[in-house]
Amino acid sequence: MTKDAKDFATLHQIVRAARENLGDNAWDYIVGGADTETTIKRNRHALDTLAFRPRVLNDVTGLDISSTLFGQKLRIPVVLAPIGSLQDLHPDGGAGTARAAAEFGTISILSSVCKPGLEAVADEAPGENRIFQLYVRGDDAWVDDFATRAIAGNYTAFCMTVDLDYYGRRERDIAKGHMSTSRKTMANNEDYQKSLSWDQVKRFKDTHDIPLMLKGIATAEDAARAVELGVDGIYVSNHGGRQLDHGRGGADVLPEVVEVAGGKAQIILDGGIMRGTDVVKAMALGADAVAIGRLEAFGMGAAGQAGVVRVLELLETEIQICLGLLGVTGYGELDKSYLHQDVSLTQPHVLSAFPLLDEDNY
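Residue numbers (the working numbering): -7 to 354.
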């Protein structure tokens, strides 16, 4: 059952509606992770152990919660992450999320294995609020073809995923014998992704006139190498805990990446981002934006394009309240002094940011 998205007053209601609408296969595709799902839990733990140090008696009547990414203004510093099997959650697939991003005023990132494809999404959501993400399944000429098409389609930037040399064992799917549509698409020519190297990153930068972002950076060492090669965007990600098990939480990785990047590349963080407070914490640690994947998927599962727009609207409200109560009028006033390392009061879980949900039913 799909309800009017405007009726959702909280994010947890959207998650609940998505669970009601989606079958077990689609649901487990969204919430599942690799092996023990430890990395998923660490994503939340890294955010939950950051407490705020607010300032008071400041005039916060003129809040500006917008930001920019690759020259595009974002209504809030939240972009829609690439999801390969969006079409398994809603028939509109990547076109629905691209339209949602355009309607709200942010950027969507289209996965190369997401339907209806690069050109069709560009036609459905014209403008410059789209980034194209590629899983490498061919040679240099194959990559060049996608780059040329992305430029022709007016995509803002080009994103290469670099943490999928081997496909993580997602045991929720394996136990049921389920294979998502995107996994079926990626099952061929996997050696091209396995052999992807820094030489090909350099070749891309030397060949194509479009900003390049690398998705899956998880250390300062790799971030420094990316900056040396002129990469424009560093996407700090552990694939939502769906690839390497026992990885670090994204918010734990972020500070070292920001430090070595030194402002020479824009930084996006994903991994466990579920609330407006998570967004503000990332910005205080030096991110330029965050990406939401599971929240985006919940929005699509709950109410399609309108559900994703509602997710963004509710995040906007939470961000506004958080910034105002921290005593600042914009992200430029934030730094690490607004954060304090503390203990987590919540057992980390993929949905632990939503305590009004009965975890056993999800």
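Every residue gets a Cβ at the ideal spot worked out from N, C-alpha and C, and that includes glycine.
For the alpha helix (DSSP H) containing residue i, list its first residue and its last residue.
i	result
Phe0	Taken as a continuous stretch (DSSP letters only), Phe0 belongs to no alpha helix (DSSP H), as it is neither H nor E.
His332	His332 -> not in any alpha helix (DSSP H); beta strand (DSSP E) instead, spanning Leu331 to Gln333.
Ala218	Ala212 to Glu220
Leu315	Arg286 to Leu318
Leu110	Leu110 to Glu116
Give me the residue from the options with the minimum Cα distance to residue i.
i	options	result
Asp40	Gly293, Gly264, Glu308 and Tyr330	Gly264
Gly86	Gln64, Leu61, Thr60 and Asp115	Asp115
Leu14	Leu126, Ala289, Met205 and Ser329	Ala289
Gly285	Arg234, Gly316, Gly239 and Glu251	Arg234
Arg122	His82, Ala142 and Gly293	Ala142
Glu248	Thr211, Lys207, Leu304 and Asn230	Thr211
Asp(-4)	Gly296, Tyr159 and Ala253	Gly296
Ser2	Asp27, Ala283 and Gly299	It should be pointed out that residue 2 corresponds to Thr in this sequence rather than to Ser. Nearest option by C-alpha distance: Gly299.
Ala167	Pro46, Asn17 and Met266	Asn17
Asp214	His82, Thr338, Val154 and His170	Val154
His200	Gln185, Asn180, Val223 and Val128	Val223
Leu246	Asp237, Arg217 and Ala276	Ala276
Arg129	Ala218, Glu111 and Asn180	Asn180
Glu95	Gln333, Glu120 and Asp198	Glu120
Gly278	Ala253, Gly97, Lys207 and Asn146	Ala253
Ala294	Asp350, Asp84 and Asp51	Asp84
Please report the residue range of the beta strand (DSSP E) in which residue i lies.
i	result
His170	Element bounds for His170: n/a, residue is neither H nor E.
Met266	Met266 -> no beta strand (DSSP E), and no H or E assigned at all.
Leu261	Gln258 to Leu261
Leu72	Val70 to Leu72
Arg122	Arg122 to Leu126
Phe150	Ala149 to Thr153
Gln185	No beta strand (DSSP E) holds Gln185; the alpha helix (DSSP H) holding it covers Asp183 to Lys186.
Do you know how far the Cα of residue j is from the Cα of residue i?
i	j	result
Gln5	Gly291	10 Å
Glu220	Leu156	22 Å
Ile209	Pro74	15 Å
Asp191	Lys328	35 Å
Pro108	Ser77	11 Å
Val193	Ala43	37 Å
Leu331	Tyr323	13 Å
Val105	Leu49	50 Å
Glu182	Phe196	20 Å
Asp357	Leu287	For residue 357 there is no data in the structure shown, the boundaries of the chain being -7 and 354.
Lys(-2)	Arg302	7 Å
Leu348	Ala10	15 Å
Gly239	Arg161	14 Å
Thr28	Glu163	8 Å
Ser103	Leu337	35 Å
Gly232	Gln125	16 Å
Between residue i and residue j, how many whole angstroms is the CB-CB distance? I'm expecting something under 8 Å.
i	j	result
Ala375	Met205	The structure shown has nothing for residue 375, since the chain only spans -7 to 354.
Val271	Val70	6 Å
Gln64	Ile101	No, Gln64 and Ile101 are not in contact; Cβ-Cβ is about 12 Å, not under 8 Å.
Ile202	Tyr227	In fact, because the Cβ distance is near 15 Å, the residues do not count as touching under 8 Å.
Ala384	Ala90	Only positions -7 to 354 of the chain appear in the structure, and residue 384 is not among them; the question remains open.
Counting only beta-carbon separations shorter than 9 Å, does residue i have a partner in chain B?
i	result
Asn181	Chain labels in this structure do not include chain B; a single protein chain is all it has.
Contact the segment 53 to 62 vs the segment 311 to 330: 3+ CB pairs below 8 Å: yes
Given 8 Å as the limit, is there contact between the segment 15 to 34 and the segment 340 to 350, that is, 3 or more CB pairs closer than that? Yes, the segment 15 to 34 touches the segment 340 to 350.
Does the segment 16 to 28 come close enough to the segment 162 to 178 that 3 or more CB-CB pairs lie under 8 Å? Touching, yes.
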